[in-house]
Amino acid sequence: MFKVKFADIGEGLTEGKVAEVLVKLGQEIKEGDALFFVETDKVNSEIPAPVGGKIANILISEGQEIKVGDVVIEIDDGSATTEAAPVAEEENASVVGSTPVSNDLIPSRGPAPTQPAPAATKHTDTEESFDVIVVGAGIGGYVSAIKTAQLGLKTLIIEKQYYGGVCLNVGCIPTKSLLRTAKVFEDIVHKAANLGIDMKTKDEPSINWDKALERKDGVVNKLTSGVKALLTKNGVKQIIGEASALDKNTITVNGKKYHCDNLIIASGSVPNELPLPGFAEGRNSGFLIDSTKILSLPKIPKALTVIGGGVIGIEFGCLFAALGTKVTVIEGAPKILPMLDQDVTALMTKTLKEKYKIEIFTNAKVKEVKGKSVVFEIDGKEQTVKSDYCLESIGRKTVTKGFDGIGLELSERKSIIANDYGETNLDGVYAIGDVTSKIMLAHVASHAGIVTANRIALKANKPGAEDIKMDYSKIPSCIYSHPEIAMIGKTEQQLKAEGVEYKTFKFPFAAIGKALADDDTTGFVKIICEPKYKTLLGAHIIGNRATDMISEFTTLIECEGTITELARAIHPHPTMSEAIGEAAEALESGKSLNL
């Protein structure tokens with residue numbers, strides 16, 4: 001009898017909800033057949049059978065909350081009772097990617113080692129000794145290196161590829177640069193006439209794609225060179241090369257050894273890949289691309305298929321649809337962006353379909369790639385979509401190469417387990433950012449870098465060090481689609497499921513003067529609060545400048561403010577932020593002023 005356990009299927013989750021059980025008692029199944037569909041705050045996926053056999057026991061039901069490690073199904077495979085080994089699930093077209101979508105507090109804990117850590121050997125042939133060595137010069141790594149140096153610790157940072165990591169080079173910044181190009185183009189084509197701007201000729205504007213890519217590269221180069229300058233300015237020694245740990249105190253790079261009292265691992269993550277028929281061939285041919293390669297396409301595609309209706313997929317879908325590309329999104333969950341508040345998801349779906357003419361397939365199971373076509377299945381019916389390229393946007397996996405043999409405690413997904421100070425099970429070894437799989441976002445890694453630097457300095461009795469730690473309930477998340485989306489805290493659906501009492505109000509931008517003046521009235525501000533003390537439970541914004549406006553709620557939570565303070569704060573007129581004040585006033589007094 002084989003016991004199937006619910007494993008961590010992405011980004012460090014701890015629990016999920018059974019959306020649908022796909023098998024019945026007594027049913028004969030094959031290895032890889034779908035057992036059930038799970039919805040979580042971070043990923044949504046079909047869970048495949050690790051072995052073939054007959055379904056002997058189903059321990060879950062639709063709507064049931066399950067936790068990582070729970071036995072969910074028993075399969076009679078003709079063997080003695082065994083338990084499923086951790087499986088890296090194929091996050092079937094529904095992984096959120098690097099977006100944080102759960103703000104549940106992750107309790108601080110000091111992880112216990114699963115095995116005795118190898119004793120550190122004092123190497124006599126080390127080149128130099130440091131208080132801190134940071135591996136990885138991404139957002140989290142370079143911030144932690146600068147902070148440790150500022151706190152008086154001798155610091156070395158090692159980077160194998162490029163300063164600034166994924167975010168600055170092949171993630172946040174270049175993507176937003178191209179999104180800006182797309183937004184300006186869209187406004188010229190669709191809004192210029194309405195704003196009273198007549199073109200001198202009847203010719204429609206066109207995109208100079210090479211120029212757009214050149215600008216994107218220029219923005220990236222400016223920022224990455226700035227990172228190098230900041231590290232140098234703060235006295236951080238820098239080495240380019242691939243690092244590995246001989247033990248927790250000895251790092252080797254470029255054939256040389258370096259000693260450290262403290263090690264910060266900020267090695268990041270890389271895009272996931274689906275192990276399906278034709279996918280390897282699709283990658284080799286250049287048809288199947290990831291979030292890195294799509295940033296350097298030689299030309300704007302006429303048609304683009306996107307596997308995954310999460311954050312990455314929707315951002316790129318909006319980008320290319322605005323440039324005239326026919327975009328098709330294939331999503332495994334019942335809806336795109338399933339981690340968001342239902343009101344936000346509904347409006348975004350409508351906008352994508354009506355404004356951008358994006359074709360969206362949900363509840364879809366991707367089967368294979370054939371040439372330049374993606375084959376998928378919905379309700380047992382096979383469908384095919386053909387395009388110039390296919391974006392595989394199904395989340396990210398951690399990079400722990402080089403740290404495998406020092407005794408680190410890893411999760412089932414091979415991420416490094418760390419507490420809210422960044423401490424691992426090895427004394428003096430810390431892990432921050434994507435490599436921990438908690439919330440894969442640049443601002444999370446950056447703040448974790450500050451937290452960890454302070455922790456190390458505090459232990460070393462350095463002046464100015466503070467006792468601060470990560471609080472994952474206070475992290476905002478943003479989606480740079482058109483319109484933008486931003487959120488913090490719980491969704492209304494989460495609160496209902498948890499049985500939490502709440503009040504909510506939604507104020508539309510269509511009633512805001514600045515939105516009308518900007519000819520950009522799509523969206524709303526939705527605030528959810530606890531009715532007795534009026535503390536903020538969740539805030540959700542969809543619309544122009546949403547990603548800037550969310551910081552007001554982040555500050556409110558950090559200062560332990562309430563809706564009362566938010567309503568009493570004077571919001572300048574005319575601004576988009578007036579919608580925040582209006583929604584807060586409605587919750588405070590029970591009546592809306594301008595709606």
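For reference, each letter of the sequence shown is one residue, going 1 to 595 in the UniProt record's numbering. Glycine is no exception: its CB is placed at the ideal position from the N, C-alpha and C atoms. Treat the numbers as computed from the prediction; the structure is a model and nothing was measured.
Might you give, ordered along the chain, the residues of its own chain that have their beta carbon closer than 8 Å to the beta carbon of residue i, omitting 5 neighbours on each side?
i: residue 462; result: 151, 152 and 153
i: residue 345; result: 335, 336, 337 and 338
Once you ignore the five residues that flank residue i on each side, which residues in its own chain have a CB closer than 6 Å to its CB?
i: residue 418; result: 424, 431 and 436
i: residue 181; result: 212
i: residue 352; result: 358
i: residue 317; result: 306, 327, 329 and 358
i: residue 114; result: Its pLDDT being 38, under 50, residue 114 is placed unreliably by the model, and nothing is read from it.
i: residue 253; result: 158, 239, 241 and 243
i: residue 77; result: 2, 51 and 53
Suppose the cutoff is 7 Å on Cβ atoms and the five residues either side in sequence are ignored; what does the same chain contact list for residue i look like?
i: residue 149; result: 155, 234, 235 and 236
i: residue 209; result: 299 and 300
i: residue 188; result: 205
i: residue 442; result: 139, 167 and 172
i: residue 87; result: Because residue 87 carries a pLDDT of 35, less than 50, the predicted location of this residue cannot be relied on, and no value is offered for it.
i: residue 128; result: 258
i: residue 223; result: 164, 168 and 173
For residue i, is the classification buried or exposed, using 16 other Cβ atoms within 10 angstroms of its Cβ as the cut-off for buried?
i: residue 221; result: exposed
i: residue 204; result: exposed
i: residue 585; result: buried
i: residue 102; result: No answer about residue 102 holds up, because its pLDDT of 32 lies below 50 and its placement is not dependable.
i: residue 390; result: buried
i: residue 197; result: exposed
i: residue 562; result: buried
i: residue 568; result: exposed
i: residue 105; result: Low confidence applies here, because residue 105 scores a pLDDT of 29, under 50, leaving its location unreliable; read the following figure in that light. It counts as exposed.
i: residue 163; result: buried
i: residue 570; result: exposed
i: residue 539; result: buried
i: residue 30; result: exposed
i: residue 260; result: buried
i: residue 536; result: buried
i: residue 382; result: exposed
i: residue 350; result: exposed
i: residue 94; result: Any answer about residue 94 is weak, because its pLDDT of 28 lies below 50 and its placement is not dependable; what the coordinates show is given next. Counting Cβ neighbours within 10 Å, residue 94 comes out buried, since at least 16 surround it.
Cβ atoms of residue j and residue i: under 8 Å apart, would you say?
i: residue 392; j: residue 323; result: no
i: residue 2; j: residue 18; result: no
i: residue 530; j: residue 564; result: no
i: residue 528; j: residue 348; result: no
i: residue 525; j: residue 465; result: no
i: residue 362; j: residue 321; result: no
i: residue 268; j: residue 407; result: no
i: residue 603; j: residue 143; result: A question about residue 603 goes unanswered here, because the residues of the chain that appear run from 1 up to 595.
i: residue 4; j: residue 73; result: yes
i: residue 395; j: residue 284; result: no
i: residue 58; j: residue 26; result: no
i: residue 370; j: residue 377; result: no
i: residue 386; j: residue 365; result: no
i: residue 16; j: residue 66; result: yes
i: residue 249; j: residue 131; result: no
i: residue 177; j: residue 216; result: yes
i: residue 519; j: residue 191; result: yes
i: residue 422; j: residue 452; result: yes
i: residue 509; j: residue 523; result: yes
Would you list the residues sitting across from residue i in a DSSP beta bridge?
i: residue 411; result: None, per the DSSP bridge assignment.
i: residue 76; result: 54
i: residue 262; result: 132
i: residue 271; result: 396
i: residue 508; result: 524
i: residue 247; result: 250
i: residue 154; result: Per DSSP, none; premise fails for residue 154.
i: residue 447; result: Bridge partners of residue 447: none, in fact.
i: residue 27; result: Answer is none; residue 27 lacks a bridge partner.
i: residue 373; result: 370 and 386
i: residue 484; result: Paired residues: none, contrary to the question.
i: residue 34; result: 48
i: residue 306; result: 329 and 391
i: residue 430; result: 264 and 423
i: residue 256; result: 253
Query raised in the report: So, do the stretch 490 to 501 and the stretch 512 to 524 have three or more beta carbon pairs nearer to each other than 8 Å?
Result: Contact fails: fewer than three Cβ-Cβ distances are below 8 Å.
Report task. Answer yes if the stretch 537 to 550 comes into contact with the stretch 471 to 491, meaning at least three C-beta pairs across the two stretches below 8 Å, and no otherwise. Result -> Output reads yes: the stretch 537 to 550 touches the stretch 471 to 491.
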